[in-house]
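Numbering-wise (full-length UniProt numbering), the sequence shown opens with residue 1 and increments by one.
Take a look at the structure below.
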Amino acid sequence: MRTHTDERLFSCKECAKGFSTVSNLKTHMRTHTGEKPFSCKECKKGFSTVSNLKTHMRTHTGEKPFSCKECKKGFSTISNLKTHIRTHTGEKPFSCTECAKCFSTVSDLKRHSRTHIGEKPFLCKECETSFSDLSHLTRHMRTHTGEKPFLCKVCDKSFSCVSYVKAHMKTHTKENFNRISNLKTHMRTHTGEEHFFCKECDTTFSQICSLKRHIRIHTGEKPLSCKVCKKRFRDLSGLKRHMRTHTREKQVVCKMTLEVRKKKRGKTEKKTKW
């Protein structure tokens, strides 16, 4: 009946919090005593509850039983899934009492709150510089260790943080991209990296659009048609090549002799470019 009446007969002597069962009280007491009787057989890390141990074990097994219905991404805990779902819904339930700015996670809110109170709990042991965020301390520590874990895929130059790599990449591309995904796709033209492969013949491609165009060879799909004779083609280059049969003209530029030859049906004209 306690579950219906919410009667809490057992209270913690440390903080006076009430519990409906002795077992729940015992579990809670470990938060005060620091007792962790359940240990991982893989890494010997201790946990206060069996459920916490089971959750931890997934880091070793790689099990991700909770999946997002929107993007199918898997997660090891239900709490991580709930946090992830907010990236789709845009929900930000945690708000700052100082400036009313909202955040999707408690950790993000805590990190932000330090900007108001000036708290910098993360201290560099080398030079005693303090930081409000652990990631900032980690990045700073590389100035002491000389560690540069982020590598340019084009020239193998290394950098201490991701933002430096992104800025450096523009020296190779000489192009600006409004999305990082577009930059990554472009960079494959330099690295030769190929991520997309055809399931029919195992040919690989650096871009998904190239794969889709290739697949038409297997499916026979010809989505592009000639406006003059209605003949159909798999890709735009094939259509453009065909259109010259209607215009009766084709230009070929010779890079070696800098000559432009105009080829017409039944006649070839040759002109020298000065």
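No residue lacks a Cβ here, since even glycine has one placed at the ideal position from N, Cα and C.
Alpha-carbon to alpha-carbon, Thr204 and Cys226: 29 Å
Proximity winner among Thr83, Glu98 and Thr97, relative to Glu91 (alpha-carbon distances): Thr83
Close-in-space but distant-in-sequence residues of the same chain around Ser113 (CB under 7 Å, 5 per side omitted): Cys96
Val50 versus His56: straight-line alpha-carbon distance, rounded: 10 Å
Helix, strand or coil at Thr204 according to DSSP, with G and I counted as helix: strand
From Glu70, Met141, Ile78 and Cys68, residue whose alpha carbon lies closest to that of Arg58: Ile78
Between the CA atoms of Lys36 and Cys15 - distance to the nearest angstrom: 20 Å
Buried or exposed (CB count within 10 angstroms, at least 16 for buried), His214: buried
Rounded separation between Ser39 and Leu53 - CA only: 7 Å
Beta-ladder partner(s) of Gln151, from DSSP: Correcting the residue identity first, residue 151 is Leu in this sequence and not Gln. According to DSSP, Leu151 bridges with Ser158.
Same chain, Cβ closer than 6 Å to Arg216, neighbours up to 5 away in sequence not counted: Arg234
Same chain, Cβ closer than 8 Å to Phe122, five either side skipped, listed in chain order: Ser130, Phe131, Ser132, Asp133, Leu134, His136 and Leu137
Buried or exposed (CB count within 10 angstroms, at least 16 for buried), Ser67: exposed
Straight-line Cα distance separating Leu151 from Lys157: 6 Å
Through-space distance from Leu9 to Leu25, alpha-carbon basis: 10 Å
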